[in-house]
Amino acid sequence: MLFNEFLCGVIEGFYGRPWTMEQRKDLFALMNRTGLNTYMYAPKDDCKHRAFWRDLYSVEEAERLTSLIEEAKENNVTFVYALSPGLDITFSNTKEVTCLKRKLEQVSQFGCEAFALLFDDIDKDMCLGDQEVFQSFAQAQVSVSNEVYQYLGQPTFLFCPTEYCATRADPEISKSEYLATVGNKLLPAINVMWTGPKVVSKEITVASVKELSAAIKRKPIIWDNVHANDYDQKRLFLGPFQGRSTDLRPYLNGFLTNPNCEYNANFMAIHTLGAWFRDSERSTDNTSRDSTVENPTVSAEIKLETEGENVVQHQRAHHGTYNPALASQAAISDWVKLFRQARDAQGKDLAPLVLSQPTVLPQPVPPLPSINTCMAFTSTTTSLYGPALPETVSEELQKVKESLVGIGSEAFKPPLNPMNSLVAPPRRRRESPWI
């Protein structure tokens, strides 16, 4: 991957159950077809990404992560491995920094060539040891990030700050000491991620990006949560990529979407982001034209605004050369095709499923009417079917019956570690191919 390449693609960066290996491989194939070039591995609740970030990967985990990286490369997708050590790292402890280097170096041996350190959603309070060494929380993060970046040989590298949107900048973007430290001290080649005006931003304007760039002294990469639903999984966001003009392209180093937790619900978001990316490459209008859409006041910092969502807005955001309506039509057309045919992870058509010929059973014989004898109803003994079942059918039914004996709710046990997406779930031994 070229260092000056515009990164556009998908972040698996949500809270909750991570995607499966098969879903990720399917994602790479979809990204290849839609022209997207970057995937960031950052599932918040995958145990060795955040909670147990110090732990190295086991042999099985290493093999599966290596296969993901190779699959991404085969689909022309840059695999960015992200680590979130901010919950409990001691920045001034050399052993901790060594653990960080060792973990990322292990992943580099799997073939990974791009990395990220994420410090979002953590407390800013430093321990006493860090307070004695670093002047500020930002300086601690920047110092360690610079050291790790140089240790890895200065690869493609991304940094997610703790103040990652305008509402979290203290007191505001232009006056934030944290962002100023990031801008002045973080090595210039390290990219900084940003979610926009809010954690979940309905609109991102050129003016807002320019304000941030002045503070961090570089073009940001947008971590876009517009399709995210991990904060409210009763909702699904099935609409197109919108509220982001192609005029943003000259002021950014990348655009990565963090979509719905439910993988199969993200076809529209990913497909239309690909359309935006292609249209932005063709765009020649580099002037800033601010949107006239008025942002309603948020009632909660993370939740999307809900007031007035059903009201038709007469003013629409400016999208430059990108047309969300046309992009939606193209996405729906392609999505319908997927419903009509089976495909593998590479997007290749699968042969239609050939079903075995069912055994034709004899026509049932209607039962004889009941006979009233001594004021009691006794049904005449009769067989539902005239002739006996064929011998082969009886044998197969007996196998099914035997295999089902003893199977109850207690037999179905959840995986030992349901939040480790790099370990294959245990398989229950099957006694019959019919199950």
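Add 11 to the 1-based position in the sequence shown for my numbering, that's all there is to it. Backbone N, C-alpha and C define an ideal beta-carbon position, used for all residues, glycine too.
**Study point:** Under the three-state DSSP convention, the category C171 falls into
**Key:** On the sequence shown, position 160 is the one that residue 171 refers to. Correct three-state label for C171: strand.
Review point. Any idea if D235 is buried or exposed, counting beta-carbon neighbours within 10 angstroms, 16 or more meaning buried?
Key: In the sequence shown, the residue the question calls residue 235 occupies position 224. Per the 10 Å Cβ criterion, buried.
Review point. CB-CB under 8 Å to K348, same chain, minus the five flanking residues each way: which ones, in chain order?
Key: Along the sequence shown, read from residue 1 onward, the residue named residue 348 stands at position 337. The answer is none, since no qualifying residue turns up.
**Study point:** Residue interval of the beta strand (DSSP E) (run including V21)
**Key:** Along the sequence shown, read from residue 1 onward, the residue named residue 21 stands at position 10. First-last of the beta strand (DSSP E) with V21: 18 to 23.
Check your understanding: So, helix, strand or coil for I233, using DSSP?
Key -> Along the sequence shown, one-based indexing puts residue 233 at 222. In the structure shown, I233 sits in a strand (DSSP, three-state: E or B).
Review point. Taking Cβ to Cβ, would you say F148 is nearer than 7 Å to I201?
Key: Here residue 148 is taken as the residue at index 137 of the sequence shown, counted from 1. Here residue 201 is taken as the residue at index 190 of the sequence shown, counted from 1. In this structure, I201 does not lie closer than 7 Å to F148 by Cβ.
Practice item. Pull up the CB-CB distance for V91 and V153, whole angstroms please, since I reckon it's below 8 Å. Key: Counted from its first residue, the sequence shown places residue 91 at position 80. Counted from its first residue, the sequence shown places residue 153 at position 142. The Cβ separation is near 19 Å, so there is no contact.
Review point. With C-beta atoms as the reference, is F170 less than 7 Å away from S156?
Key: Residue mapping note: residue 170 aligns to position 159 of the sequence shown, counting from 1. Residue mapping note: residue 156 aligns to position 145 of the sequence shown, counting from 1. A contact, by the Cβ cut-off of 7 Å.
Check your understanding: Excluding the five sequence neighbours on either side, which residues of its own chain have a C-beta within less than 8 Å of the C-beta of I232, listed in chain order?
Key -> Within the sequence shown, the letter at position 221 stands for residue 232. Taken in chain order, the residues that qualify are L18, L169, N202, V203, M204, W205, L263, N264, G265, F266, L267.
Check your understanding: What did DSSP end up calling V203 once you bin it into helix, strand or coil?
Key -> Here the question's residue 203 lines up with position 192 in the sequence shown. Three-state result, V203: strand.
Check your understanding: When you compare only the Cα positions, how much space is there between F102 and N431?
Key -> Numbered from 1 along the sequence shown, position 91 holds the residue referred to as residue 102. Numbered from 1 along the sequence shown, position 420 holds the residue referred to as residue 431. Computed Cα separation, rounded: 26 Å.
Review point. Which same chain residues, not among the five before or five after D141, have their C-beta less than 7 Å away from its C-beta?
Key: Here residue 141 refers to the residue found at position 130 of the sequence shown. T101, F102, S103, A151.
Check your understanding: Can the beta-carbon of A177 be found closer than 7 Å to that of F25?
Key -> Taking the first residue of the sequence shown as position 1, residue 177 is located at position 166. Taking the first residue of the sequence shown as position 1, residue 25 is located at position 14. Taking 7 Å as the Cβ cut-off, A177 and F25 do not qualify as a contacting pair.
Point to revise | Secondary structure of A125, DSSP reduced to three states | key: Locating residue 125 in the sequence shown gives position 114, counting from the first residue. Strand.
Check your understanding: What is the residue span of the beta strand (DSSP E) that L94 lies within?
Key -> Sequence index remark: in the sequence shown, residue 94 carries index 83 (1-based). Its beta strand (DSSP E) spans residues 89 to 94.
Practice item. Would you kindly report the start and end of the unbroken beta strand (DSSP E) that includes Y50? Key: Position 39 of the sequence shown, counted from the first residue, corresponds to residue 50. Where Y50 is concerned, the enclosing beta strand (DSSP E) stretches over 49 to 52.
Review point. Residue range of the alpha helix (DSSP H) that G164 falls in?
Key: Stepping through the sequence shown from its first residue, residue 164 is reached at position 153. First-last for G164: undefined, no H or E at that position.
Exercise for review: Apply the 10 Å Cβ neighbour rule to V70 and answer buried if 16 or more other Cβ atoms are within range, or exposed otherwise.
Suggested key: In the sequence shown, counting from the first residue as 1, residue 70 sits at position 59. Label assigned to V70: exposed.
Check your understanding: Can you list, in chain order, the residues of its chain whose CB lies under 7 Å from that of Y160, leaving out five sequence neighbours each side?
Key -> For this step, residue 160 is matched to residue 149 along the sequence shown. Taken in chain order, the residues that qualify are F168, L198, I201.
Review point. Which class does F145 belong to by DSSP, given the choice of helix, strand or coil?
Key: Here residue 145 refers to the residue found at position 134 of the sequence shown. Correct three-state label for F145: coil.
Practice item. Give the secondary structure of L263 by DSSP, where H, G and I count as helix, E and B as strand, and everything else as coil. Key: Within the sequence shown, numbered from 1, the residue matching residue 263 stands at position 252. Coil at L263, not helix or strand.
Exercise for review: Measure the alpha-carbon distance for N306 versus V210 and round it to whole angstroms.
Suggested key: On the sequence shown, residue 306 is found 295 positions in, with the first residue counted as 1. On the sequence shown, residue 210 is found 199 positions in, with the first residue counted as 1. In this prediction, N306 has a pLDDT of 33, which is less than 50 and means its spatial position is unreliable; nothing more can be read from the coordinates.
Review point. Could you check where the alpha helix (DSSP H) with S119 kicks off and where it finishes?
Key: Numbered from its first residue, the sequence shown carries residue 119 at position 108. Element bounds for S119: 105 to 120.
Check your understanding: Are the beta-carbon atoms belonging to L337 and R75 less than 7 Å from one another?
Key -> Numbered from 1 along the sequence shown, position 326 holds the residue referred to as residue 337. Numbered from 1 along the sequence shown, position 64 holds the residue referred to as residue 75. The answer is no: Cβ separation not under 7 Å.
Point to revise | Neighbourhood of Q324 by C-beta, 6 Å cutoff - its chain only, sequence neighbours within 5 removed | key: The count along the sequence shown starts at 1 and reaches residue 324 at position 313. Model confidence at Q324 stands at a pLDDT of 43, short of 50, so the residue's coordinates are unreliable and nothing is read from them.
Point to revise | Residues near F145 in its chain [Cβ-Cβ closer than 6 Å; skip 5 each side] | key: By one-based count along the sequence shown, residue 145 stands at place 134. Hits under 6 Å: A151.
Review point. Rounded to a whole number of angstroms, what is the C-alpha to C-alpha distance between A225 and L129?
Key: Your numbering for residue 225 matches position 214 in the sequence shown. Your numbering for residue 129 matches position 118 in the sequence shown. Roughly 21 Å between the two C-alpha positions.
**Study point:** L41 vs Q117 beta-carbon contact at 7 Å
**Key:** Counting from one through the sequence shown, the residue named residue 41 turns up at place 30. Counting from one through the sequence shown, the residue named residue 117 turns up at place 106. Not in contact: L41 and Q117 (Cβ atoms no closer than 7 Å).
Review point. With distances taken from CA atoms, which of N15, P29, N48 is nearest F288?
Key: Within the sequence shown, the letter at position 277 stands for residue 288. Nearest option by C-alpha distance: N48.
Exercise for review: With a 10 Å radius around its C-beta and 16 neighbouring C-beta atoms as the bar for buried, classify N15 as buried or exposed.
Suggested key: In the sequence shown, residue 15 corresponds to position 4, counting from 1. N15 should be labelled exposed.
Check your understanding: Can L98 and I133 be called in contact, C-beta distance under 7 Å?
Key -> Start at 1 with the first residue of the sequence shown, and residue 98 comes out as number 87. Start at 1 with the first residue of the sequence shown, and residue 133 comes out as number 122. For L98 and I133, yes; Cβs fall inside 7 Å.
**Study point:** CB-CB length for L249 against A286, believed under 8 Å
**Key:** Residue 249 sits at position 238 when you count from the first residue of the sequence shown. Residue 286 sits at position 275 when you count from the first residue of the sequence shown. Not really, about 16 Å apart at Cβ, beyond 8 Å.
Exercise for review: Measure the beta-carbon distance from S256 to G331 and round it to whole angstroms, keeping in mind my assumption that it falls under 8 Å.
Suggested key: Here residue 256 corresponds to residue number 245 of the sequence shown, with the count starting at 1. Here residue 331 corresponds to residue number 320 of the sequence shown, with the count starting at 1. Confirmed, about 4 Å.
Check your understanding: When DSSP builds the beta bridges, which residues end up paired with I80?
Key -> For this step, residue 80 is matched to residue 69 along the sequence shown. DSSP output for I80 lists no bridge partner at all.
**Study point:** Strand pairing of I184, partner residues [DSSP]
**Key:** Along the sequence shown, one-based indexing puts residue 184 at 173. Note: I184 sits in no beta bridge, so no partner.
Exercise for review: Determine the burial state of D351: buried for a count of at least 16 other Cβ atoms within 10 Å of its Cβ, exposed for fewer.
Suggested key: To locate residue 351, count along the sequence shown from 1; it is residue 340. Asp is not the amino acid found at residue 351; the sequence shown has Arg there. With fewer than 16 other Cβ atoms within 10 Å, it is exposed.
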